[in-house]
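Order-wise, the sequence lines are chains A and B. Going by this note's numbering, the first residue of the first sequence is number 5, and it counts up by one from there. Going by this note's numbering, the first residue of the second sequence is number 138, and it counts up by one from there. What follows is one structure encoded as structure tokens, with my remarks underneath.
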Amino acid sequence: MRKFKGHVLVTGTAKGAALVLPEPLSLWGGLNPKSGEIIDRRHPCSGQIVTGRVLVLPAGRGSSSASSILLEAVRMKTAPAAILLAEPDGILALGAVVASELYDNAPPVVVLKAQDYAQINDHDIVQIDSDGTISVTISTN
Amino acid sequence: MTLQLSPKDEAMLAGEFGEATRMAMRILTTMAEIYGAAHLLDIELAHIDGCLYHGYSGLEFAEKLVAGGAQVVVPTTLNVGAMDLLHPENFQGTAQVGEWATRTMKAYEAMGCQPIYTCTPYQMTQRPTFGQQIAWAESNAIVFANSALGARTNRYGDFIDICAAITGRVPAVGLHLEENRRGQILFRLQNIPDHLLTDDVLFPVLGYLIGAHSRSRIPVIEGLRPDTTEDQLKALGAAAASSGAVALFHAIGVTPEAETFADAFHGGQPEDIITVTLDDLRAARDRLATVPDGAVQVVALGSPHFSPQEFAQLMPLIAQYPPHPDVEFVVCTNRVVYAGLEKRGWLEQLQNAGVRVIVDTCVVVTPIVHSNKGTLMTNSGKFAHYAPGNIGFQTIFGSLMECVRSAALGHVWRDNSLWA
């Protein structure tokens with residue numbers, strides 16, 4: 005198991021299988037909050053389901069409506085379990101902050117150092133603690 | 138860094154200005170801590186994206202603020218909603234969603250926001266001024282305000298935009314501060330033919346290329362003509378903010394914070410230099426299409442919302458090449474421009490030619506297009522980027538002339554001299 009500490013944008017605890025996006029994703033136009041599916045058809049992970057996964061992505065991108073999509077995904081229970089970023093993204097963090105105001109439920113959002121970020125692979129089991137400690141169990145598949 | 142609040146900020150947080158202001162300040166201070174802000178600062182204008190329906194949760198948020206007595210304290214405009222409120226029959230979604238979408242828009246009006254419902258507030262009356270601190274949402278408006286006008290806003294989104302308008306405050310971070318507006322990546326245009334540098338078709342493509350390379354860094358473009366128009370900068374920014382998180386670009390000799398190379402980089406050097414050739418532009422143009430040239434079912438213009446100047450270019454083209462009856466031709470704009478079209482008799486001419494003009498909203502944020510599926514052709518980098526995911530259309534990008542002539546034929550028409 006690998007352990008490292010990230011910078012917490014929105015606190016919380018979560019555990020799930022990693023879904024690693026090789027490219028940034030705008031949730032607006034990129035995620036269907038009804039199904040949890042990635043619907044940006046130019047994105048390499050188009051068609052994947054984020055629900056319950058630990059979403060690992062370099063950055064958000066594009067539209068400022070991404071926070072709304074994340075909030076709606078929380079309401080519809082299709083949101084990722086947590087969001088791990090390589091760069092801070094205020095728009096994603098905001099969606100999580102408002103989700104905790106309205107629904108008392110938000111995926112934690114944590115920014116990782118480049119060398120830690122690179123160590124997480126698809127399907128690794130990732131646990132996030134409220135202080136930003138990330139524990140990664142390498143997937144054998 | 139610890140966040141220092143003013144006595145008035147503290148009072149808002151303590152609920153002395155009502156429940157809604159308290160919630161707004163609580164969200165703002167949480168975000169200020171996330172951003173590592175030392176303090177909050179005053180804003181003079183706000184532009185709100187939250188009025189666009191994305192789901193019931195956004196309506197719950199807005200109505201919670203209204204119930205808590207929320208009123209904006211600075212002049213505040215509204216971005217597009219999901220409904221054309223002047224022509225609600227344009228909406229093709231369910232009655233339930235239509236009702237929630239309308240309620241969302243009305244909730245923001247109840248808080249004192251001006252119902253202009255446009256993604257181009259910068260082409261309206263309340264244009265931000267150079268150096269002015271503002272809190273704007275809507276990615277294309279943000280990049281335009283920062284880059285073309287020299288106003289100062291971060292990439293605000295739904296929720297925090299209205300929190301800023303209700304409190305008049307934002308975290309003092311990012312592009313609000315002079316030192317963070319320095320260019321980071323240089324895009325050097327190399328051997329781009331002069332006819333292309335003056336053609337509108339260049340700008341969405343160049344923006345799309347720059348956004349994809351820049352992500353959230355500040356790009357600087359070298360090689361644009363000093364007479365580059367406002368609508369061209371608007372198209373460039375909208376595309377760059379679709380393929381990347383670009384909130385500010387500089388164009389040397391064109392935009393107000395970049396009279397010279399030294400101004401753009403605050404006396405320093407770029408972190409990266411990217412050369413842009415005609416081949417790079419052709420490749421970026423091709424990435425805007427999801428299918429090869431063929432039949433076209435829909436032509437959509439007006440993302441960002443069409444300006445009077447853009448309509449002036451469209452009118453003679455439509456007169457010469459009216460759309461084929463099987464092709465749906467839609468142009469999105471705002472109420473003020475629409476009223477101007479009516480007055481000049483242009484609206485009637487467009488309608489007689491079979492062109493539908495939509496206000497308050499746009500085709501990629503809400504179900505307005507009648508055709509079920511197929512290929513949508515556009516001159517907008519933003520439409521081309523978002524249409525496949527949001528409304529399930531394949532997209533083809535072309536110049537305004539290519540779009541109009543393709544609509545007339547029902548299949549793609551190309552001007553082969555454009556990218557030669």
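A virtual CB, placed ideally from N, CA and C, is assigned to each residue, including glycine. Small disclaimer: the values here were computed from a predicted structure and weren't measured.
Through-space distance from residue j to residue i, alpha-carbon basis
{"i": "L25(A)", "j": "A63(A)", "result": "10 angstroms"}
{"i": "E236(B)", "j": "F267(B)", "result": "39 angstroms"}
{"i": "L140(B)", "j": "A169(B)", "result": "7 angstroms"}
{"i": "V310(B)", "j": "E197(B)", "result": "29 angstroms"}
{"i": "N471(B)", "j": "I253(B)", "result": "7 angstroms"}
{"i": "I124(A)", "j": "A86(A)", "result": "14 angstroms"}
{"i": "T231(B)", "j": "H522(B)", "result": "25 angstroms"}
{"i": "F443(B)", "j": "A118(A)", "result": "42 angstroms"}
{"i": "I271(B)", "j": "R57(A)", "result": "37 angstroms"}
{"i": "I410(B)", "j": "L333(B)", "result": "22 angstroms"}
{"i": "L31(A)", "j": "L150(B)", "result": "30 angstroms"}
{"i": "T503(B)", "j": "I299(B)", "result": "22 angstroms"}
{"i": "P258(B)", "j": "G287(B)", "result": "15 angstroms"}
{"i": "A421(B)", "j": "S50(A)", "result": "20 angstroms"}
{"i": "E208(B)", "j": "C250(B)", "result": "Sequence check: residue 208(B) is Gln here, not Glu. Those two C-alpha atoms are separated by around 8 angstroms."}
{"i": "W97(B)", "j": "I185(B)", "result": "The structure shown has nothing for residue 97(B), since chain B only spans 138 to 557."}
{"i": "S517(B)", "j": "L222(B)", "result": "24 angstroms"}
9 angstroms Cβ cut-off: residues of chain A touching residue i
{"i": "G320(B)", "result": "Residues of chain A passing the Cβ test: none, with the nearest at roughly 18 angstroms."}
{"i": "A426(B)", "result": "Result: empty, since nearest Cβ-Cβ is about 11 angstroms, beyond 9 angstroms."}
{"i": "I164(B)", "result": "L98, V101, V102 and E105"}
Listed by chain order, chain A residues near residue i by CB distance under 7 angstroms
{"i": "I297(B)", "result": "L98"}
{"i": "F198(B)", "result": "V102 and L106"}
{"i": "Y172(B)", "result": "G94"}
{"i": "G344(B)", "result": "Here the premise fails: no neighbours, minimum Cβ distance about 12 angstroms."}
{"i": "M160(B)", "result": "E105"}
Option nearest residue i by Cα separation, candidates the options
{"i": "V338(B)", "options": "D368(B), N317(B) and N328(B)", "result": "D368(B)"}
{"i": "G404(B)", "options": "L370(B), L140(B), R319(B) and P356(B)", "result": "R319(B)"}
{"i": "A204(B)", "options": "I180(B), I171(B) and T158(B)", "result": "T158(B)"}
{"i": "M514(B)", "options": "Q450(B), E246(B) and G547(B)", "result": "G547(B)"}
{"i": "F402(B)", "options": "N317(B), G529(B), F530(B) and G187(B)", "result": "N317(B)"}
{"i": "Q260(B)", "options": "G249(B), T214(B) and G390(B)", "result": "T214(B)"}
{"i": "T532(B)", "options": "K510(B), R551(B), V541(B) and N553(B)", "result": "K510(B)"}
{"i": "D423(B)", "options": "A302(B), F534(B), A207(B) and I185(B)", "result": "F534(B)"}
{"i": "A149(A)", "options": "F154(B), G294(B), T241(B) and E200(B)", "result": "Residue 149(A) lies beyond the residue range present for chain A, which begins at 5 and ends at 145; the question has no answer from this structure."}
{"i": "V114(A)", "options": "M5(A), R6(A) and G16(A)", "result": "G16(A)"}
{"i": "Q327(B)", "options": "C300(B), D336(B) and L361(B)", "result": "L361(B)"}
{"i": "G439(B)", "options": "H350(B), A382(B), K371(B) and R551(B)", "result": "K371(B)"}
{"i": "Q321(B)", "options": "V307(B), P341(B), R354(B) and I495(B)", "result": "R354(B)"}
Per-residue contacts from residue i into chain A (C-beta, under 8 angstroms)
{"i": "T167(B)", "result": "V101"}
{"i": "G195(B)", "result": "S72, L75 and E76"}
Paired residues, beta bridge with residue i - DSSP
{"i": "W273(B)", "result": "H184(B)"}
{"i": "H11(A)", "result": "V115(A)"}
{"i": "V469(B)", "result": "Checking the sequence shown, residue 469(B) turns out to be Cys, not Val. Partner(s): I495(B)."}
{"i": "G20(A)", "result": "V130(A)"}
{"i": "E41(A)", "result": "N36(A) and I53(A)"}
{"i": "L89(A)", "result": "L61(A) and V115(A)"}
{"i": "D409(B)", "result": "I322(B)"}
{"i": "A437(B)", "result": "V467(B) and T515(B)"}
{"i": "V310(B)", "result": "In the DSSP output, where bridge partners are listed per residue, V310(B) has none listed."}
{"i": "E359(B)", "result": "R325(B)"}
{"i": "S139(A)", "result": "K7(A) and Q131(A)"}
{"i": "L215(B)", "result": "I185(B)"}
{"i": "A545(B)", "result": "Answer is none; A545(B) lacks a bridge partner."}
Neighbour list for residue i in chain B, Cβ cutoff strictly below 8 angstroms
{"i": "G33(A)", "result": "V501, H522, Y523, G526 and N527"}
Proximal residues of chain B, C-beta to C-beta of residue i below 7 angstroms
{"i": "S69(A)", "result": "D186, L189, H191, G294 and D295"}
{"i": "P28(A)", "result": "R352"}
{"i": "G64(A)", "result": "A382"}
{"i": "L13(A)", "result": "I171"}
Of the residues that make up the stretch 37–50 of chain A, which ones have a beta carbon closer than 8 angstroms to any beta carbon in chain B? P37, I43, D44, R45 and R46
Along the stretch 72–84 of chain A, what residues have a CB closer than 9 angstroms to any CB found in chain B? S72, I73, L75, E76, A77, V78, R79 and M80
Using a Cβ cut-off of 8 angstroms, which residues of the stretch 263–288 of chain B contact any Cβ in chain A, in chain order? Taken in chain order, the members of the stretch 263–288 of chain B whose beta-carbon sits within less than 8 angstroms of a beta-carbon on chain A are A274, E275, S276 and I279.
Return the residues of the stretch 349–383 of chain B that lie within a Cβ-Cβ distance of less than 8 angstroms from chain A, sorted by chain order. R352, S353, A378, S379, S380, G381 and A382
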